[in-house]
Amino acid sequence: MKLSRDDVLHIARLARVGVTDADVEKIREQLSNILENFEILQQVDTTGVPPTAQSVSLQNVMKDDVEAPSLPVPQVLANAPHQEGEFFKIKAVLEE
Amino acid sequence: MTIDIKQLTIHEAQRLLRAREVSSVELTRASLERISQVEPQVRAVVTVTEELALQQAQKADELITRGDASPLTGVPALIKDNICTKGVRTTCSSKMLENFVPPYDATVMEKLNAQGIVMLGKTNMDEFAMGSSTENSALFTTHNPWDLSRVPGGSSGGSAAAVASGEAFYALGSDTGGSIRQPAGFCSVAGLKPTYGRVSRYGLVAFASSLDQIGPLTKDVTDCALVLNAIAGYDDRDSTSVPLPVPDYTQCLSTDLRGLRIGVPKEYFVAGMQAEVETQLRGSIDKLKELGASIDWEVSLPHTPYSLAVYYIIAPSEASANLARYDGVKYGYSYPNADNMWDAMEKTRQFGFGAEVKRRIMLGTYALSAGYYDAYYLKAQKVRTLIRQEFDQAFTKFDALVTPTSPTVPFKIGEKVSDPLQMYLSDVCTIPINIAGLPAIVIPAGFADGLPIGMQIIGKPFSEETLLKIAYAFEQATDWHKRKPQI
Chain X
-16 MKLSRDDVLH
-6 IARLARVGVT
4 DADVEKIREQ
14 LSNILENFEI
24 LQQVDTTGVP
34 PTAQSVSLQN
44 VMKDDVEAPS
54 LPVPQVLANA
64 PHQEGEFFKI
74 KAVLEE
Chain R
6 MTIDIKQLTI
16 HEAQRLLRAR
26 EVSSVELTRA
36 SLERISQVEP
46 QVRAVVTVTE
56 ELALQQAQKA
66 DELITRGDAS
76 PLTGVPALIK
86 DNICTKGVRT
96 TCSSKMLENF
106 VPPYDATVME
116 KLNAQGIVML
126 GKTNMDEFAM
136 GSSTENSALF
146 TTHNPWDLSR
156 VPGGSSGGSA
166 AAVASGEAFY
176 ALGSDTGGSI
186 RQPAGFCSVA
196 GLKPTYGRVS
206 RYGLVAFASS
216 LDQIGPLTKD
226 VTDCALVLNA
236 IAGYDDRDST
246 SVPLPVPDYT
256 QCLSTDLRGL
266 RIGVPKEYFV
276 AGMQAEVETQ
286 LRGSIDKLKE
296 LGASIDWEVS
306 LPHTPYSLAV
316 YYIIAPSEAS
326 ANLARYDGVK
336 YGYSYPNADN
346 MWDAMEKTRQ
356 FGFGAEVKRR
366 IMLGTYALSA
376 GYYDAYYLKA
386 QKVRTLIRQE
396 FDQAFTKFDA
406 LVTPTSPTVP
416 FKIGEKVSDP
426 LQMYLSDVCT
436 IPINIAGLPA
446 IVIPAGFADG
456 LPIGMQIIGK
466 PFSEETLLKI
476 AYAFEQATDW
486 HKRKPQI
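Taken in order, these protein sequences are the chains called X and R. If you number the first sequence the way my numbering does, the last residue is 79 and the count never jumps. If you number the second sequence the way my numbering does, the last residue is 492 and the count never jumps.
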């Protein structure tokens, strides 16, 4: 499966990973190569085979909804790159 | 007393500690000294926690004096840097988390701390556990103690190299596609990946949630059993943790393998496998026969060749979701001069992540995206079922399957970095086990030109006792584990 330049830019946008123009070509080539090798999966007959999401047969693992103390705010903010008061600070989400 | 820091095992150290022939502080100082001695060449350790280690050692000595020691009390260990350690920097060997200090301990750390362990520090790894050589560390490369120009394997390369060179009595690693087992094989130490669900993933920085497991890297099989005893068990903070009781894994160790049925799946002896590795493995399997096991050389798991593709679709897909949290907002690296919110996020991820991590995030994003989900991710999940069913079938006839760990001996640093696919191929023997969620152990099985070769023993779910039994018998009959690198 050969990816196009637009495919790479689309994926990068979905993944929110910035890419330079130089990056795009290299990624395009490497990803295309990798994906081509995975075409062999199409050879496998999986008619009627259920997908496996995880290997243990646990289902609907539930917890009681019990109130307990949360992490204290100072600890929550301890690794914050930018903070103001008791908040994480980021660039404006909505701009004019 | 003089401590042979390279040879001394956990169980031997524990005997000396209880007999008060040595103290935990002495063991700790000897380990810290060893670390400063070999680190300039091996470079396995990211953060050394000297002060903390000595404090823990003193407390451990008190526990031992009171007669309250557990098997791991006072024995110094190193922890892979993707396991959260409260108050101690946890980097995942990435620029993204270079200064991240977790506000909590992983469940496995809580369990080990309850036994009074000594933590010497955190080990180097492939960034976010993505890699097979530790060359993807954004910090520095670790060198194989057996040949410093070669890789220690990955992604738990730091942990494996540290145990092999005597920097710690044992280490914790994590395994998603072979990341404990392949470096264990490359460094000639024992490495165990438990059954998926056996050990809690709470506090393990997530890579691929349906594949990740934490496990021990140790100098011998008895030590492996001791560490597994300590870290295994149900945890309600990990929804995939299985509520099965933990046996005493040291009780199953025996030198008699009579009655055990071992199968050898042909597909693991891949074309292009190094001749000496193949010869050594076949000889090792013959040894298991001498010890009483019956061997069937003609086992076939026909879907094995599809495992690589299945893994390299599923793992990156899950990774793309798990690594979405690194956005420069709550913790970690944050790009400082962005124009707007999206620019900040995109540049944070562009500069915070290394090339392999970005490659896998993009692979995964593509495989999950609209229009491709069915052809890639869903297809891979279905083939995953077939791979698991094949193993289940085999385990109706065999107690264990034995295979090589890697098609080659440890390769040279730099040899495979320019071709991602070549690097992925080095996991071909270990990946199917994660796909099926099975337990597997790797133990030293010889050398080729002085370079380590590991043997992998695979079992059905929750059969770690059988694996440890076979591994122990082999180890006691061969002594490969007693050979140490010259460093």
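Beta carbons: idealized from backbone N, C-alpha and C, even for Gly. Note that the structure is predicted; figures quoted are calculated from it, not measured.
Open item on the list: Report the CB separation of Leu127 (chain R) from Ile84 (chain R) in whole angstroms; it is logged as a contact under 8 Å.
Closed with: A quick correction: the sequence has Lys, not Leu, at residue 127 (chain R). Indeed they touch by this definition, with Cβ atoms about 6 Å apart.
Task: One or two residues paired with Phe71 (chain X) in a DSSP bridge - done: Partner(s): X:Gln66.
TODO: Can you pull the chain R residues whose beta carbon is under 7 Å from the beta carbon of Gln37 (chain X), in chain order?
DONE: For Gln37 (chain X), the residues of chain R that pass the 7 Å Cβ criterion are Ser215, Thr245, in the order they occur in the chain.
Task: Buried or exposed (CB count within 10 angstroms, at least 16 for buried), Met45 (chain X) - done: With fewer than 16 Cβ atoms within 10 Å of its Cβ, Met45 (chain X) is classed as exposed.
Open item on the list: Distance cutoff 8 Å, beta carbons only. Does Phe70 (chain X) sit that close to anything in chain R?
Closed with: Chain R, which has no Cβ nearer than 8 Å to the Cβ of Phe70 (chain X), makes this no.
Task: Own chain partners of Arg23 (chain R) with C-beta closer than 7 Å, once the 5 adjacent residues on each side are dropped - done: Taken in chain order, the residues that qualify are Ile69, Ala74.
Task: chain X contact residues for Asn345 (chain R), given Cβ-Cβ distances below 9 Å - done: Simply Lys74, Ala75, Glu78.
- [ ] Using DSSP bridges, identify the partner residues of Asp332 (chain R).
- [x] The partner list for Asp332 (chain R) (beta bridge, DSSP) is empty, contrary to what the question assumes.
TODO: Pick out the complete beta strand (DSSP E) segments inside the region 410 to 489 of chain R, 3 residues or longer, and give them in chain order.
DONE: Runs found: 445 to 453, 456 to 463.
Open item on the list: Can you tell me whether Trp302 (chain R) is buried or exposed? The criterion is at least 16 other CB atoms within 10 Å of its CB, across all chains shown.
Closed with: That one is exposed.
Open item on the list: Let's test the definition: count the other Cβ atoms within 10 Å of the Cβ of Gln386 (chain R) and tell me whether it reaches 16, buried, or not, exposed.
Closed with: If you draw a 10 Å sphere on the C-beta of Gln386 (chain R), you find 16 or more other C-beta atoms in it, and that means buried.
Task: Euclidean distance between Cα positions of Thr227 (chain R) and Ala111 (chain R) - done: Distance from the CA atom of Thr227 (chain R) to the CA atom of Ala111 (chain R), rounded to whole angstroms, is 24 Å.
- [ ] For my contact list, Gly178 (chain R) and Ser184 (chain R) are in at a C-beta cut-off of 8 Å; report their separation, rounded to the angstrom.
- [x] Indeed they touch by this definition, with Cβ atoms about 6 Å apart.
TODO: Determine the closest residue to Leu(-3) (chain X) out of R:Ile462, R:Met350, R:Phe479, R:Ile438, with distance taken between C-alpha atoms.
DONE: With distances taken between Cα atoms, Leu(-3) (chain X) lies closest to R:Met350.
Task: Coil, strand or helix - Asp110 (chain R) by DSSP - done: Reduced to three states, the DSSP call for Asp110 (chain R) is coil.
Task: Interface positions of the region 5 to 20 of chain X facing chain R (Cβ-Cβ less than 7 Å), listed along the chain - done: Cβ contacts with chain R: Ile10, Gln13, Leu14, Asn16, Ile17, Asn20.
- [ ] For the region -15 to -3 of chain X, enumerate the residues whose C-beta is nearer than 9 Å to any C-beta of chain R, in chain order.
- [x] Hits within the stretch, in order: Leu(-14), Asp(-10), Val(-9), His(-7), Ile(-6), Ala(-5), Arg(-4), Leu(-3).
Open item on the list: Looking at Thr370 (chain R): is its Cβ nearer than 8 Å to the Cβ of Ile(-6) (chain X)?
Closed with: Closer than 8 Å, so yes.
Open item on the list: I'd like to confirm the pairing. Which residues does DSSP put opposite Ile267 (chain R) in its beta bridges?
Closed with: DSSP output for Ile267 (chain R) lists R:Ile300, R:Ala405 as bridge partner(s).
Task: Closest by C-alpha distance to Pro33 (chain X), when choosing among R:Ile392, R:Ile436, R:Asp484, R:Val414 - done: Ranking R:Ile392, R:Ile436, R:Asp484, R:Val414 by Cα distance to Pro33 (chain X) puts R:Ile392 first.
Open item on the list: Cutting at 6 Å between CB atoms, please list the residues of its own chain near Leu(-14) (chain X), excluding the five before and the five after it.
Closed with: Correct list, in chain order: Arg11, Leu14, Ser15.
- [ ] Could you check how far apart the C-beta atoms of Thr435 (chain R) and Gly182 (chain R) are, in whole angstroms? I think they sit under 8 Å.
- [x] That pair is a contact at about 6 Å.
Task: Simplified DSSP assignment, three categories, for Ala143 (chain R) - done: Note: Ala143 (chain R) maps to coil in three-state DSSP.
Task: Interface residues of the region 31 to 62 of chain X facing chain R [CB-CB below 7 Å] - done: Against chain R - using a Cβ distance shorter than 7 Å - the residues of the region 31 to 62 of chain X are Val32, Pro33, Pro34, Thr35, Ala36, Gln37, Ser38, Val39, Leu41, Val44, Lys46, Leu54, Gln58, Ala61, Asn62.
Task: Residue-level contact to chain X via CB, Ile236 (chain R), 8 Å cutoff - done: The Cβ of Ile236 (chain R) sits no closer than 8 Å to any Cβ of chain X.
TODO: State buried or exposed for Ile440 (chain R), treating a residue as buried only when at least 16 other CB atoms are found within 10 Å of its CB.
DONE: Buried, since its Cβ has 16 or more Cβ neighbours within 10 Å.
Open item on the list: Once DSSP output is grouped into helix, strand and coil, what is the label at Gln218 (chain R)?
Closed with: It is a strand residue.
- [ ] Could you pull out every unbroken beta strand (DSSP E) segment of at least 3 residues lying fully inside the region 203 to 263 of chain R, listed in chain order?
- [x] List check, beta strand (DSSP E) in window: 218 to 223.
Task: Proximal chain X residues relative to Pro425 (chain R), where beta-carbon distance stays under 9 Å - done: Within chain X, the residues whose beta carbon sits less than 9 Å from that of Pro425 (chain R) are Gln13, Asn16, Ile17, listed in sequence order.
Task: Three-state secondary structure (DSSP) of Arg155 (chain R) - done: In the structure shown, Arg155 (chain R) sits in a strand (DSSP, three-state: E or B).
Task: Nearest residue (CA-CA) to Leu41 (chain X), options R:Ile366, R:Leu426, R:Pro248, R:Asp344 - done: Measuring from the Cα of Leu41 (chain X), the nearest candidate turns out to be R:Pro248.
- [ ] Determine, using beta carbons only, whether Phe105 (chain R) comes closer than 8 Å to chain X.
- [x] Interface residue, yes.
Open item on the list: For chain X, check one thing: does any of its Cβ atoms lie closer than 8 Å to the Cβ of Ile318 (chain R)?
Closed with: For Ile318 (chain R), the closest Cβ of chain X is nearer than 8 Å.
TODO: Mind listing the chain X neighbours of Asp241 (chain R)? Cutoff is C-beta to C-beta under 9 Å, in chain order.
DONE: Those are Val44, Lys46, listed as they occur along chain X.
Open item on the list: Once the 5 residues before and after Pro270 (chain R) are set aside, which same chain residues still bring their CB inside 8 Å of it?
Closed with: Hits under 8 Å: Val304, Ser305, Leu306, Thr309, Ala399, Leu406, Thr408.
- [ ] On a CA-only basis, which of R:Leu59, R:Thr146, R:Phe105, R:Glu140 is nearest Pro45 (chain R)? Give me that one, please.
- [x] Nearest C-alpha to Pro45 (chain R) among R:Leu59, R:Thr146, R:Phe105, R:Glu140: R:Thr146.
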